[in-house]
Amino acid sequence: MRNLFIFLLVLFYTSKSFAVVTIDITRGNLEPLPTAISNFYVDNPDQFPEKIKKLKLEENLPKVIKGNLMRSGLFYVLDNKSYIQKPKLSHLKPRFEDWRLIKAQIMVSGKLKVDDKGRLRVEFRLWDVVSAKEIEGLALFATPTSWRRIAHIISDKIYQRLTGEEGYFDTRIIYVAESGPKTQRVKKLAIMDQDGANNKFLTLGNELVLTPRFSPNGKMVTYMSYFKNLPRVYLLNIETGIQEVVGDFPGMTFAPRFSPDGKKVIMSFARDGNSDIYTMDIQSRKVEQITSNPAIDTSPSFSPDGRFIVFNSDRSGFQQIYVMRSDGRRAKRISRGKGLYGTPVWSPRGDLIAFTKIHKGKFYIGVMRTDGTGERLLTQNFYQEAPSWSPNGRVLIFYRETAGGKKGKGASANLWAIDITGYNEVKIKTPTDASDPSWSGLLSK
Amino acid sequence: MFRSLSLSILFHLSIFAITFLTLPFVMKKPIDVPPIISIDLIQISDKTALPFAPKAKEIIDKIKEEKERVVTKQAPPKIVKKEKQDAVPMPDQIKKKKPKETDKQNPEEVKDEIRQSSEFEKKELFDPNKIAALIDKSKEETADLQQKESLDITQNQDSSVSLDKGLTITQEDAIKAQIFKCWNIPLGLPYDEDLTVRIRLKLNKDGSILSSEILDHVRMNRPGQGFYKVLAESALRAVRLCNPLKMPTTGHDKWKDLQLNFDAKEMLKG
Numbered sequence: 003m004r005n006l007f008i009f010l011l012v013l014f015y016t017s018k019s020f021a022v023v024t025i026d027i028t029r030g031n032l033e034p035l036p037t038a039i040s041n042f043y044v045d046n047p048d049q050f051p052e053k054i055k056k057l058k059l060e061e062n063l064p065k066v067i068k069g070n071l072m073r074s075g076l077f078y079v080l081d082n083k084s085y086i087q088k089p090k091l092s093h094l095k096p097r098f099e100d101w102r103l104i105k106a107q108i109m110v111s112g113k114l115k116v117d118d119k120g121r122l123r124v125e126f127r128l129w130d131v132v133s134a135k136e137i138e139g140l141a142l143f144a145t146p147t148s149w150r151r152i153a154h155i156i157s158d159k160i161y162q163r164l165t166g167e168e169g170y171f172d173t174r175i176i177y178v179a180e181s182g183p184k185t186q187r188v189k190k191l192a193i194m195d196q197d198g199a200n201n202k203f204l205t206l207g208n209e210l211v212l213t214p215r216f217s218p219n220g221k222m223v224t225y226m227s228y229f230k231n232l233p234r235v236y237l238l239n240i241e242t243g244i245q246e247v248v249g250d251f252p253g254m255t256f257a258p259r260f261s262p263d264g265k266k267v268i269m270s271f272a273r274d275g276n277s278d279i280y281t282m283d284i285q286s287r288k289v290e291q292i293t294s295n296p297a298i299d300t301s302p303s304f305s306p307d308g309r310f311i312v313f314n315s316d317r318s319g320f321q322q323i324y325v326m327r328s329d330g331r332r333a334k335r336i337s338r339g340k341g342l343y344g345t346p347v348w349s350p351r352g353d354l355i356a357f358t359k360i361h362k363g364k365f366y367i368g369v370m371r372t373d374g375t376g377e378r379l380l381t382q383n384f385y386q387e388a389p390s391w392s393p394n395g396r397v398l399i400f401y402r403e404t405a406g407g408k409k410g411k412g413a414s415a416n417l418w419a420i421d422i423t424g425y426n427e428v429k430i431k432t433p434t435d436a437s438d439p440s441w442s443g444l445l446s447k
Numbered sequence: 037m038f039r040s041l042s043l044s045i046l047f048h049l050s051i052f053a054i055t056f057l058t059l060p061f062v063m064k065k066p067i068d069v070p071p072i073i074s075i076d077l078i079q080i081s082d083k084t085a086l087p088f089a090p091k092a093k094e095i096i097d098k099i100k101e102e103k104e105r106v107v108t109k110q111a112p113p114k115i116v117k118k119e120k121q122d123a124v125p126m127p128d129q130i131k132k133k134k135p136k137e138t139d140k141q142n143p144e145e146v147k148d149e150i151r152q153s154s155e156f157e158k159k160e161l162f163d164p165n166k167i168a169a170l171i172d173k174s175k176e177e178t179a180d181l182q183q184k185e186s187l188d189i190t191q192n193q194d195s196s197v198s199l200d201k202g203l204t205i206t207q208e209d210a211i212k213a214q215i216f217k218c219w220n221i222p223l224g225l226p227y228d229e230d231l232t233v234r235i236r237l238k239l240n241k242d243g244s245i246l247s248s249e250i251l252d253h254v255r256m257n258r259p260g261q262g263f264y265k266v267l268a269e270s271a272l273r274a275v276r277l278c279n280p281l282k283m284p285t286t287g288h289d290k291w292k293d294l295q296l297n298f299d300a301k302e303m304l305k306g
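Going down the list, the sequences are from chains A and B. Sequential numbering of the first sequence, starting at 3, is according to the working numbering. Sequential numbering of the second sequence, starting at 37, is according to the working numbering.
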């Protein structure tokens, strides 16, 4: 009897209970993440030499991080003036209520110290304000003069922790610095940090330089230069400054680019009036012909795994993008839209191909999947080309020329970056006009 | 005799038959053919330039006058005394407003304990002990007013709750809309991976979160699951930012256990 009663009770109870309600959340806010970056706390400021004190690292280091995160378009860094808690306390443990009050979801705090050997120790912590917990903490040592690199490495750590993919701030950009009138343009090779700081010229400008490209490890650069009106492909070691000629090539030579393993250079040059794609082994200088087609084949770029090559060719009558195996077989046209396509570059992530498109007199920078589907035009302008990927395959850098007045007066060329969503377009400051940019890999890798 | 009688009957029947057959035609109205009106097409551009007909002008003026008279016959606008804004009214100057007596269909007093009141009405019930709480909430309430209007679920809607399923589509949409606003989707995530994050919530009656748990939290710490971790953390932030959720005022049993499946694939695909 008692068992029956319990059975009925359980039966009654279960009949009243409800299943878990399941709701699918498939939409959300695409606004940048509200982030607060507090000034860093200086521990024992008396130990800091005057030279370092003048750098005002407690303000400038967070400022560089702020600039990096803001330019990425994924973060919105709140104004310092709105911060309630002072760095002196926030570096220990933030008062989360204060940061929540200003609508910050993420907060960065840090501490600076100089050790006995004169090295700068930078400690940073990343806080999830909403969940009230620390999600990343790191200490870095460096000579005080390389504080900007520390800021970039911290930016990368924050970016990686909050987006899940590698950052691209501790990188450099090599480009062609242009000056002088259109008819007598001086073109020098220049290098700078990805944020435009630490700009240096690598050549004097006596010779015309074109299409510089980083090697996968970021230590070497290949570029083209005209010596006595003959195109030459050069290799330049960034660290040592040693420059060597890879080879003299007859006729027009275009856009040398490294293979993913860094052992070969792939380029196109004209032989007997026909332009085809060739690779050259850097060590043995052995040249191998990849394509053999009466059409003009140019702008080759390897896929990250080295198995495929994307290039452009006019074999269909118009300049279009083709993909083939690395041995030159099975070339297949992938671009299908109207207009002309050029300068294809395979993303380091391997999922997309960036290109320049010319249609009805306008230039577009766009991306498409490796099979040619999903073409998206990110930006359109009077003249722009030469996209180059950031190491994480999320941002493209390219150059854009303005029309100027009569005879090209007032025209300028500048570097721009755009993310693959196409929403976040940023101009990159350079001391002179700039063209043909190439993004290095992560320096800290 | 018989013959004459039969003739008479036949005669009368024929009369009836004729009457029966012809009467509807008599009653039927003739087709109303509208008279043909002849219209002359004339060029009016030169006629319209003619000076205004004096007689017509008189008639129009008359109508205008009448219209004005109708307006003046109405009561003049009420003159409202301007109160000095600067002057602060003294306590004795403040007139006590008499509560307006309204004609109610049910004049009987309804006890608060028994009376069913909507959530809006509940807010109006004033408790002097909770002034501090009201002040604290005031900012949030004004900011969220617009959102609340669309999200609040009234008792009328509650009546449509089905017994076999916890929430109606409208109620589900209302919860979704709240989470959508709180969830900052990490934009760097790949769209071609299965990264659905399932979070189980236990909710209090007021919609506040009693507990939240990521169902497959083990995956968060697995190597190579960085994207999943990022998405899971962003989903948890969204849930906490939305705390307390605005839930239906009734049927706590139906929604106290809630599972949210966060999937950003569609948004990232664009």
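All C-beta atoms in this analysis are idealised placements derived from N, C-alpha and C, irrespective of residue type, glycine included.
- Residue range 266 to 273 is occupied by the beta strand (DSSP E) that includes methionine 269 of chain A.
- In the three-state scheme derived from DSSP, where H, G and I count as helix and E and B as strand, leucine 398 of chain A is classed as strand.
- For leucine 114 of chain A, the enclosing beta strand (DSSP E) stretches over residues 108 to 116.
- Taking 8 Å as the CB threshold, proline 222 of chain B lines the interface with chain A.
- Residues of the same chain with a CB within less than 6 Å of the CB of lysine 189 of chain A, apart from the 5 flanking positions on each side, are Val178, Glu180, Leu210 and Val211 in chain order.
- With fewer than three CB-CB distances shorter than 8 Å, the region 130 to 140 of chain A does not count as touching the region 358 to 366 of chain A.
- In the same chain as alanine 134 of chain A, and ignoring 5 residues on each side of it, the C-beta atoms closer than 8 Å to its own belong to Phe98, in chain order.
- Contact between proline 36 of chain A and alanine 106 of chain A holds: CB atoms are separated by about 5 Å, below the 8 Å threshold.
- Under the three-state reduction of DSSP output, proline 34 of chain A falls in the coil class, being neither helix nor strand.
- For glutamine 107 of chain A, the neighbours in chain B by C-beta distance under 8 Å run, in chain order, Asn220, Arg273 and Leu277.
- Judged by DSSP in its simplified three-state form, threonine 285 of chain B adopts coil rather than helix or strand.
- Close to chain A, meaning a Cβ-Cβ distance shorter than 8 Å, are the following residues of the region 281 to 301 of chain B: Asp289, Lys290, Trp291, Asp293, Leu294, Gln295, Leu296, Asn297, Phe298, Asp299, Ala300 and Lys301.
- Contact check for asparagine 220 of chain B against asparagine 31 of chain A passes: the beta carbons are separated by less than 8 Å.
- When the beta-carbon positions are compared, glycine 224 of chain B and threonine 242 of chain A stay at least 8 Å from each other.
- At least one C-beta of chain A is nearer than 8 Å to the C-beta of leucine 225 of chain B.
- About 5 Å separates the beta carbon of alanine 153 of chain A from that of leucine 63 of chain A, a gap short enough to meet the 8 Å contact definition.
- Comparing C-alpha distances from tryptophan 149 of chain A to each of A:Phe216, A:Leu80, A:Lys53 and A:Gln186 shows the shortest one belongs to A:Lys53.
- Rounded to whole angstroms, the separation of the alpha carbons of lysine 288 of chain A and tyrosine 161 of chain A is 42 Å.
- Comparing C-alpha distances from alanine 333 of chain A to each of A:Thr345, A:Asn314 and A:Phe271 shows the shortest one belongs to A:Asn314.
- Residue contact check for threonine 375 of chain A against chain B: no CB pair falls below 8 Å.
- For aspartate 299 of chain A, DSSP records a beta bridge to A:Ser315.
- Bounds of the alpha helix (DSSP H) holding glutamate 52 of chain A are 52 to 55.
- Look at serine 133 of chain A: its C-beta is under 8 Å from a C-beta on chain B.
- In the structure shown, aspartate 353 of chain A falls within a coil segment according to DSSP collapsed to helix, strand and coil.
- Using beta-carbon distances, isoleucine 215 of chain B counts as an interface residue toward chain A, with a partner under 8 Å.
- Excluding five sequence positions before and after lysine 266 of chain A, the CB atoms of its chain that fall closer than 8 Å to its own CB belong to Phe260, Thr281, Met282, Asp283 and Ile284, given in chain order.
- Phenylalanine 38 of chain B carries a helical assignment under DSSP once its states are collapsed to helix, strand and coil.
- Shown here, arginine 378 of chain A sits in a strand according to DSSP, grouped into three states.
- Beta-bridge pairing by DSSP links valine 211 of chain A to A:Ser227.
- Only Ile137 from the region 137 to 156 of chain A bring a Cβ to less than 9 Å from some Cβ of chain B.
- The beta-carbon of threonine 423 of chain A is placed less than 8 Å from the nearest beta-carbon of chain B.
- Distance between serine 294 of chain A and serine 270 of chain A, taken at the CA atoms: about 11 Å.
- Within the region 20 to 43 of chain A, the residues whose Cβ lies closer than 9 Å to some Cβ of chain B are Phe20, Ala21, Val22, Val23, Thr24, Ile25, Asp26, Ile27, Thr28, Arg29, Gly30, Asn31, Leu32, Glu33, Pro34, Leu35 and Pro36, listed in chain order.
- Taking 8 Å as the cut-off, the Cβ atoms of isoleucine 367 of chain A and threonine 381 of chain A count as close.
- The CB of leucine 203 of chain B comes closer than 9 Å to the CB of Val23 and Ile25 in chain A, given here in chain order.
- Within chain A, the residues whose beta carbon sits less than 9 Å from that of methionine 303 of chain B are Thr28, Arg29, Gly30 and Leu32, listed in sequence order.
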